[in-house]
Amino acid sequence: MPKSPAADARPGEGGELHQTTSTPEARLTTNHGAPVSDDQNSLKLGPRGSTLLEDFVLREKIQHFDHERIPERIVHARGSAAHGFFELTESLEDYTTAKILTEVGKKTEVFTRFSTVAGGAGSVDTPRDVRGFAVKFYTSEGNWDLVGNNIPVFFIQDAIKFPDLIHAVKMEADRGYPQAASAHDTFWDFISLMPESTHMVMWAMSDRAIPRSLRMIEGFGVNTFRLINAKGEATFVKFHWRPRLGTQSTCWDEAVKIAGADPDYHRRDLFEAIDQGDFPEWEFAVQLLNQAEADALPFDILDATKLIPEEDHPLRVIGRMVLNRNPDNFFAETEQAAFLPTNIVPGVDFSEDPLLQGRLFSYQDTQLSRLGTVNFHQIPINQAKGCPFQNFQRDGHVQTQVFKGRANYEPNSLAEAGEEGGPREDPKGGFRTAAVPMEGAKVRLRAESFADHYSQARLFFRSQTEIEQAHLASALVFELSKVTLDHVRARVLANLRNVDEDLAKRVAGAMNLPLPKASAPAATPIDLEPSPALRIVGKYPDSLKGRKVAILVADGSDGAIVAAVRKAVEGDGGAVFIVAPKIGGAKLADGSVLPADGQLAGSPSVLFDAVAVILSEDGCAQLLKEGAAVDFVRDAFGHLKAIGHTREVGPLLDRAGIKPDEGVVDLSAAKSGDFLPPARTRQWAREPSVRTLA
Ligand code: HDE
């Protein structure tokens with residue numbers, strides 16, 4: 001009986017192919033096993049050619065290379081992933097029969113892929129964008145894919161608008177730019193005409209869309225699902241992931257510079273953290289609502305542009321996810337991973353959310369053009385590893401399983417003749433759709449209960465701290481200033497007036513544009529109780545765990561101060577990165593050489609959470625001539641980071657125009673530990689002195 005190919009691998013029977021090995025006797029062969037005698041020279045007529053068509057070794061190698069690329073994902077093309085496990089800490093057995101949600105203490109393998117949405121596979125990691133947060137749980141009842149984002153709501157209410165949304169945000173059709181950016185005409189044109197997108201736009205303009213690290217983002221299932229218990233009762237559920245390292249972001253100017261300094265900033269950060277045993281972890285939580293509670297919400301629980309405030313329906317933490325293993329091969333795993341919202345387990349069910357309903361078709365379908373075969377579930381990363389899969393589906397492109405016997409249909413009675421008859425349905429344990437009563441006429445209509453497009457946009461904006469509101473307003477100014485169509489800008493402003501008068505005024509004022517008449521909302525917005533849970537400022541964790549501090553040194557630096565800062569930072573859970581003008585390191589005052597982790601020009605301060613500049617008088621004099629050194633401290637200051645420094649660094653700080661504040665710590669005078677409190681957060685109070693915010 002066919003099983004998960006990984007289970008019983010035998011050559012020719014599916015499962016893993018012979019891997020390349022690095023033992024001395026390992027022999028280079030063609031794909032078909034013919035040993036290769038010379039991998040340096042093609043077969044020629046004489047040493048100077050011509051090359052012969054007969055050279056099957058050359059042809060096979062080049063042909064395989066020619067076809068190495070596959071179509072990238074139509075959205076979420078740029079992604080980074082890791083393996084790990086999920087562990088349930090609290091059972092939901094009153095609500096669901098799903099084993100993954102009831103077997104406390106059981107560890108289930110997961111593969112989690114994070115992504116940006118708009119950019120291509122080779123685009124940078126730090127654009128202003130939503131982040132995908134897709135988790136594949138290899139459960140004992142089949143794969144469960146929770147394909148979410150780091151923002152709990154979506155731009156549109158109905159799947160039929162998805163192609164329009166994505167066409168609008170991607171590179172403009174005639175010119176092929178901008179790449180990985182929403183700051184352009186077509187995106188804002190679409191947004192301005194789709195008021196339902198306003199709530200998500202608030203999130204996308206907030207600092208959540210420029211995360212510090214993939215290890216520091218929240219995750220949300222976005223769509224409403226149902227849990228089904230043993231009695232067949234249904235409960236609405238929203239899924240949440242909360243990072244142990246807290247939700248942290250970058251500054252916009254910083255994100256832009258990181259894009260140049262390290263386009264792989266997030267991918268590298270995730271890979272290195274896991275490689276060094278610093279495993280990222282998330283809490284898994286649910287919000288549960290029965291029908292009466294759902295009916296009492298001031299919006300429709302099926303509307304994906306709405307969230308359920310935590311203050312009204314608290315999160316219940318039921319498990320954790322740890323990512324502890326990097327993929328062995330980026331293409332085989334991260335690229336070929338196929339996430340499907342239709343991958344669901346008994347005890348969990350969909351809701352009628354019209355966005356989710358469309359997703360149920362799209363993901364399965366897109367894999368055909370991306371992975372090229374209906375058998376994409378046989379690719380190792382996609383196999384149902386937690387359990388066997390067996391059915392009567394056969395053949396197709398790249399079939400890797402060798403099925404035995406004649407049973408490829410059902411019902412059959414072959415077992416009565418002693419032959420293998422194959423699997424049968426399981427009416428008790430199999431997946432069952434909740435018998436939710438429904439009736440109605442066939443219509444193309446948007447429910448009245450979906451009409452309020454502004455109340456939650458207002459809720460989000462008004463729930464933010466002043467700093468976050470200013471960042472959000474400034475992001476709108478940045479994006480709309482890149483828009484070239486006056487009428488589009490005006491329409492966005494007209495819509496913003498329904499969110500918050502002050503916000504609209506600030507954005508218009510910062511663009512020097514008149515405030516147009518407010519647009520007419522489909523439903524009058526209401527004032528909801530602010531939700532402090534929606535803020536991120538003021539919630540950074542009280543340690544440097546997961547963060548990186550750069551120490552800039554040069555010849556003559558004081559090794560004792562370097563050692564003290566290193567001890568303090570590492571003692572607080574942070575990592576230290578030594579930056580020096582030369583990669584070979586710096587000769588310290590005591591004559592010893594301190595090796596560098598990075599050279600100054602290639603290690604700008606945008607890549608770190610805080611910096612310490614430990615220079616002698618001579619060292620500082622030398623670095624005054626280096627633009628990269630001046631930028632190093634100027635950017636650190638501009639990006640609201642703590643700067644620790646020796647007294648001799650004064651001239652460099654002056655050159656960078658820095659007026660020391662509480663976040664600038666003289667390490668010659670203070671204890672190195674004094675550097676820690678400012679290093680653990682951003683110096684928000686400094687911001688008005690370094691840039692004008694809307
Ligand atoms: Fe997706 N989405 N999506 N999406 N989505 C894809 O599937 C789609 C939506 C999300 O790491 C595609 O395999 C439609 C919401 C993530 O591989 C595609 C609609 C949310 C990923 C697709 C949505 C998401 C995708 C492209 C509206 C948050 C990356 C490649 C009805 C809950 C998964 C692929 C990965 C990927 C369709 C809306 C999250 C085209 C039609 C809402 C994280 O099938």
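Taking the UniProt record's numbering, the leading residue of the sequence shown gets 1, the next gets one more, and so forth. In this text, a Cβ means the ideal position worked out from N, Cα and C, and glycines have one as well. Just so we're clear, the structure is a prediction, and the values are computed from it rather than from any experiment.
Residue 708 - containing alpha helix (DSSP H), residue span:
Given that the chain is displayed from residue 1 to residue 694, the structure contains no residue 708 and the question cannot be resolved.
Alpha carbon to alpha carbon, how far is residue 127 from residue 181?
6 angstroms
Tell me residue 348's beta-bridge partners as DSSP assigns them.
227
Would the C-beta of residue 223 count as close to the ligand HDE, meaning under 7 angstroms from any of its heavy atoms?
yes
Pull up the distance between the alpha-carbon of residue 8 and that of residue 201, whole angstroms please.
Summary for residue 8: the model assigns pLDDT 46, below 50, so the residue's position carries little reliability; its value from the coordinates is reported in the next sentence. When rounded, the distance between both Cα atoms is 49 angstroms.
Please return the same chain residues whose Cβ sits closer than 7 angstroms to the Cβ of residue 65, not counting the five positions on each side in sequence.
none
Examine the ligand HDE and report whether any of its heavy atoms sits within less than 7 angstroms of the Cβ of residue 355.
yes
Determine the burial state of residue 745: buried for a count of at least 16 other Cβ atoms within 10 Å of its Cβ, exposed for fewer.
Residue 745 is absent from the model: the chain starts at 1 and stops at 694.
Do the CB positions of residue 133 and residue 148 come within less than 8 angstroms of each other?
yes
Based on Cα-Cα distance, which residue from 587, 532, 598 lies nearest to residue 714?
In the structure as shown, the chain starts at 1 and stops at 694, and residue 714 therefore has no counterpart that could be examined.
Suppose you measure from the CA of residue 1 to the CA of residue 212; what does that come to, to the nearest Å?
Low local confidence applies: a pLDDT of 38 at residue 1 is under 50, so the model's placement there is unreliable, with the coordinate-based value given in what follows. Whole-angstrom Cα-Cα distance: 48 angstroms.
Compare the Cα-Cα distances from residue 101 to each of 360, 229, 122, 688 and report the closest residue.
229
Would residue 156 pass as a contact of residue 196 if the rule is Cβ separation under 8 angstroms?
yes
Just to confirm, does residue 338 get its C-beta within under 7 angstroms of one of the non-hydrogen atoms of the ligand HDE?
yes
For residue 80, the residue or residues it bridges with in DSSP
Per DSSP, 114.
Alpha helix (DSSP H) runs contained entirely in the segment 131 to 206, provided each spans 4 or more residues:
Counting whole runs of 4 or more residues, the segment 131 to 206 contains the alpha helix (DSSP H) stretches 162 to 169, 185 to 193, 198 to 204.
Short of 7 angstroms in beta carbon distance, which residues of its chain neighbour residue 12, apart from the five on each side in sequence? Order them along the chain.
Bear in mind that a pLDDT of 39 at residue 12, under 50, signals an unreliable position, so the number given afterwards is only what the model happens to contain. Exclusion of the five residues before and after residue 12 leaves 402 as the residues of its chain whose Cβ lies within less than 7 angstroms of its Cβ.
Taking only the alpha-carbon atoms, compute the straight-line gap between residue 296 and residue 160 and give it to the nearest angstrom.
28 angstroms
Contacting residues, own chain, Cβ-Cβ under 7 angstroms from residue 96 (five flanking each side not counted)
102, 227, 228, 229, 347, 348
For the segment 243 to 257 and the segment 280 to 296, state whether three or more C-beta atom pairs, one from each stretch, are separated by less than 8 angstroms.
Proximity of the segment 243 to 257 to the segment 280 to 296 meets the contact definition, three or more beta-carbon pairs being nearer than 8 angstroms.
From residue 450 to residue 654, what distance separates their C-alpha atoms?
56 angstroms
For residue 189 versus residue 485, is the C-beta spacing smaller than 8 angstroms?
yes
Taking DSSP as the reference, what is the three-state secondary structure of residue 32?
It is coil, neither helix nor strand.
Quick one, are the C-beta atoms of residue 603 and residue 579 less than 8 angstroms apart?
yes
Provide the residue span of the alpha helix (DSSP H) that contains residue 619, from first to last.
617 to 623
Specify whether the segment 495 to 512 and the segment 426 to 444 touch according to this definition: at least 3 beta carbon pairs, one from each stretch, less than 8 angstroms apart.
Cβ pair count under 8 angstroms is below three, so no.
Quick one: what does DSSP say residue 383 is sitting in, helix, strand or coil?
coil
Which of helix, strand or coil DSSP assigns to residue 324:
Looking at residue 324 - three-state DSSP - the assignment turns out to be strand.
May I ask you to report which of helix, strand or coil DSSP gives residue 635?
helix
Note down, in chain order, each residue of its chain lying with its Cβ closer than 6 angstroms to the Cβ of residue 693, except the 5 sequence neighbours on either side.
470, 474
Would you say residue 386 and residue 139 are within 8 angstroms of each other, going by their C-beta atoms?
yes
Would residue 649 and residue 615 qualify as a contact pair, given that the criterion is a beta-carbon distance under 8 angstroms?
yes
Where does residue 283 fall in DSSP's three states?
strand
Quick check: the Cα distance between residue 661 and residue 568, rounded to an integer number of angstroms?
Taking the straight line joining both Cα atoms gives about 21 angstroms.
Straight-line CA distance for residue 459 to residue 541?
Roughly 25 angstroms separates the two Cα atoms.
At what residues does the beta strand (DSSP E) containing residue 243 begin and finish?
234 to 243
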